[in-house]
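Q: Dropping a structure here in structure tokens format, bear with me for questions.
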Amino acid sequence: MKHMCLLVGFLICSIIFLVGCSRQAELAQGWTQPVKVAESSESLNDPLLLRKRHDTILALQWRSDMEARYFVRRNANNSSSWNEVPLTGVARGYWWAYPAIDQSSDRVFFDQGYMEADELKMSFLVGHMTGGVAVQDVMERKLVADKKTLFGETSPGVRLNEPGTRDYPELGVGIIGNSDLNIPYCLAAVTVTSHSEDGPFHNGVFHSSDSGTTWRIERISDFAAWLPSICKTKAYYYFFAVKNYQRDLWFSRKSAENGSWTAPEVVTKTFCNSALYWRYVATAENDTVHVCWLDRRHEKTRRNQVYPNRENYEVAYCHRKDSDAGWSKDIILSEGLLYTYSPTMSVEGDKVVVAWAGVQTAPDWHKEHAPNDVYYVTSNDSGKTWTKPLKVTDGVKDGITSGAPQVMLLNGVIYLSYIQGKISYKEESHGLVKLNQPPWPIYYQQRPFPD
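One gets the working numbering by counting positions in the sequence shown from 1 and adding 6 to each.
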């Protein structure tokens, strides 16, 4: 009887193993060989941020002091080479890595801002980007708002910044269309009594309809929020942010014809609950807005009172057309993977591609810097149906980490960048291990969008 039980147990484990193997994600075909473009500052830090400009892909890499490196690859060039070009015409002190770019007119703007002496002080550089990345016809615009303008009458203890310090609003990447400028923001004041507490809060959009000559502060909500973003479909502007304590991803929208913002509504209540991995992408194409995010609905728990949640998140997606009464039913794109990180998305017409880093299975306490591969899925019907996840890299079995992917669709081609390396903890002396990692290479690959 004992041997029979062992045999049955062996057969069950074998079946489970075989089923698991049969469900291994396939390694995708059709990608070009990896080409090194740059290096990270340290392991997965400072990836390339891909932006589209006509038939050109811009790869922006944030550096210290708010500056950035610019790499350019023109779609007309059949080679896989990238050229680093200097950004000119933009003063230091602006966020070089996060420009708003108008595809139709080549108008761009850069922003920066801070709160000091109970005033919000914003600056904007507006100009035209030439064939390279030179910004010409530059105009600097200002927006200054005091505490009363932002919050109305408040108690004496409310300050925009603690005395003697400088604080900063959280700014998302803006959008520009002709003379229309929009910058999403989340702002937290501080209430000083016997101690300091965050709040009150102010979330919304800085809007100018005359290239920054005058500004309107469009308030949308007054709760604690993070990660503001904005995008525009044919008929609406959409504002997104993450509610700080409930971990809800919420949105508001207004008509593109000078409407007012709707009351905040929830997109999902299962946004990931670890600030280390807060990540969502919202992008608009024609009359549809697409959203993907890290989702916690199937998160596992462990017997640990301090860190009870395992942080095994999934990549979820939904969309909404301008004419729809609500959002589509959200779906899990990363089905079959236990851990996922850093989703990225791009849309071109009805084509949608979403990529992320992750692994199908791993021990507890797995993290983003541990061995992961890059996966992707595609849709050719504006997000109604999706392919199964496919792997671009295949390094997990060798202990290699691929992460921080960025994806861009341009003229029917998928462009992908990611950082890749191997964790190596060097023992400086007995019992003393150096945690900091060296720079890792940043690779680029491309392939046609699948039929």
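Don't be surprised by glycine CBs; every beta carbon is placed ideally from N, CA and C.
Thinking C-beta only, is ARG308 closer than 7 Å to ARG316?
A: Taking the first residue of the sequence shown as position 1, residue 316 is located at position 310. Taking the first residue of the sequence shown as position 1, residue 308 is located at position 302. Contact: yes.
Q: Which residues in the same chain have their Cβ closer than 8 Å to the Cβ of PRO395, if we skip the five residues on either side of it in sequence?
A: The residue labelled residue 395 in the question sits at position 389 within the sequence shown. For PRO395, the CB contacts under 8 Å within the same chain, skipping 5 residues up- and downstream, are ALA31, LEU339, SER340, GLU341, GLY342, LEU343, TYR381, TYR382, VAL383 in chain order.
Q: Let me confirm a value: ILE18 is counted as buried when at least 16 other C-beta atoms fall within 10 Å, else exposed. Which label applies?
A: Along the sequence shown, one-based indexing puts residue 18 at 12. Note that ILE18 scores a pLDDT of 37, beneath 50, so its modelled location is shaky and nothing firm can be said.
Q: Would you tell me roughly how many angstroms separate the C-alpha atoms of ALA192 and GLU176, rounded to the nearest one?
A: Mapped onto the sequence shown, residue 192 falls at position 186. Mapped onto the sequence shown, residue 176 falls at position 170. Looking at the sequence shown, residue 192 is not Ala but Cys. Taking the straight line from one Cα to the other gives about 5 Å.
Q: Given a cut-off of 7 Å, decide if TYR345 and VAL365 are closer than it, judged by their beta-carbon atoms.
A: For the purposes of this step, residue 365 is taken as the residue at position 359 of the sequence shown. For the purposes of this step, residue 345 is taken as the residue at position 339 of the sequence shown. In this structure, TYR345 lies closer than 7 Å to VAL365 by Cβ.
Q: I'd like the span of the beta strand (DSSP E) that includes THR155, first residue to last.
A: The residue you call residue 155 lines up with position 149 of the sequence shown. Counting along the chain, THR155 falls outside any beta strand (DSSP E), though it belongs to the alpha helix (DSSP H) covering 153–157.
Q: Measuring only the C-alpha atoms, how far is VAL398 from VAL114?
A: For the purposes of this step, residue 398 is taken as the residue at position 392 of the sequence shown. For the purposes of this step, residue 114 is taken as the residue at position 108 of the sequence shown. Distance between the alpha carbons of VAL398 and VAL114 is about 33 Å.
Q: SER258 and PRO190 look like a contact to me (Cβ under 8 Å); what is the Cβ gap, rounded to whole Å?
A: Start at 1 with the first residue of the sequence shown, and residue 258 comes out as number 252. Start at 1 with the first residue of the sequence shown, and residue 190 comes out as number 184. So it is not a contact: roughly 10 Å between Cβ atoms.
Q: From THR136 to LYS335, what does the alpha carbon distance come to, in whole angstroms?
A: What you label residue 136 is simply residue 130 of the sequence shown in a count that begins at 1. What you label residue 335 is simply residue 329 of the sequence shown in a count that begins at 1. CA-to-CA, the gap between THR136 and LYS335 works out to about 42 Å.
Q: Would you say LYS327 and THR294 are within 7 Å of each other, going by their C-beta atoms?
A: Position 321 of the sequence shown, counting from 1, holds the residue named residue 327. Position 288 of the sequence shown, counting from 1, holds the residue named residue 294. Against a cut-off of 7 Å, the Cβ pair of THR294 and LYS327 comes out as a contact.
Q: Quick one: give me the first and last residue of the beta strand (DSSP E) that TYR242 is part of.
A: What you label residue 242 is simply residue 236 of the sequence shown in a count that begins at 1. Its beta strand (DSSP E) spans residues 242–249.
Q: What is the DSSP secondary structure of LEU282, reduced to helix, strand or coil?
A: The residue given as residue 282 occupies position 276 in the sequence shown. Residue state, collapsed to three classes: helix.
Q: Apart from the five residues just before and just after ASN442, which ones in its own chain have a Cβ nearer than 8 Å to its Cβ?
A: Within the sequence shown, numbered from 1, the residue matching residue 442 stands at position 436. Here the set comprises GLU48.
Q: Enumerate, from N- to C-terminal direction, the unbroken alpha helix (DSSP H) stretches of 4 or more residues contained entirely within the segment 331–406.
A: When DSSP assignments are scanned along the segment 331–406, no uninterrupted stretch of alpha helix (DSSP H) that is 4 or more residues long falls wholly within it.
Q: DSSP three-state label for ASP204, please.
A: The sequence position of residue 204 within the sequence shown is 198, counting from 1. Here ASP204 sits in strand by DSSP.
Q: Among the residues of its own chain, which have a CB less than 7 Å from the CB of HIS375, if the five just before and after it don't count?
A: Here residue 375 is taken as the residue at index 369 of the sequence shown, counted from 1. Correct list, in chain order: SER49, LEU50, THR407, ILE429.
Q: Please name the residue, chosen from ASN250, GLU263, PHE246, VAL287, that lies closest to GLU271 on a Cα-to-Cα basis.
A: Residue mapping note: residue 271 aligns to position 265 of the sequence shown, counting from 1. Minimum Cα distance to GLU271 is reached at PHE246.
Q: Kindly list the residues whose CB is nearer than 7 Å to the CB of GLY99, restricted to its own chain and excluding five residues on each side of it in sequence; keep chain order.
A: For the purposes of this step, residue 99 is taken as the residue at position 93 of the sequence shown. For GLY99, where only same-chain residues beyond five positions count, the Cβ hits under 7 Å are MET72, GLN118.
Q: Check each candidate in PHE130, MET145, CYS324, THR197 and name the one with the smallest Cα separation from SER161.
A: Looking up residue 161 in the sequence shown gives position 155. It is THR197 whose Cα lies nearest to the Cα of SER161.
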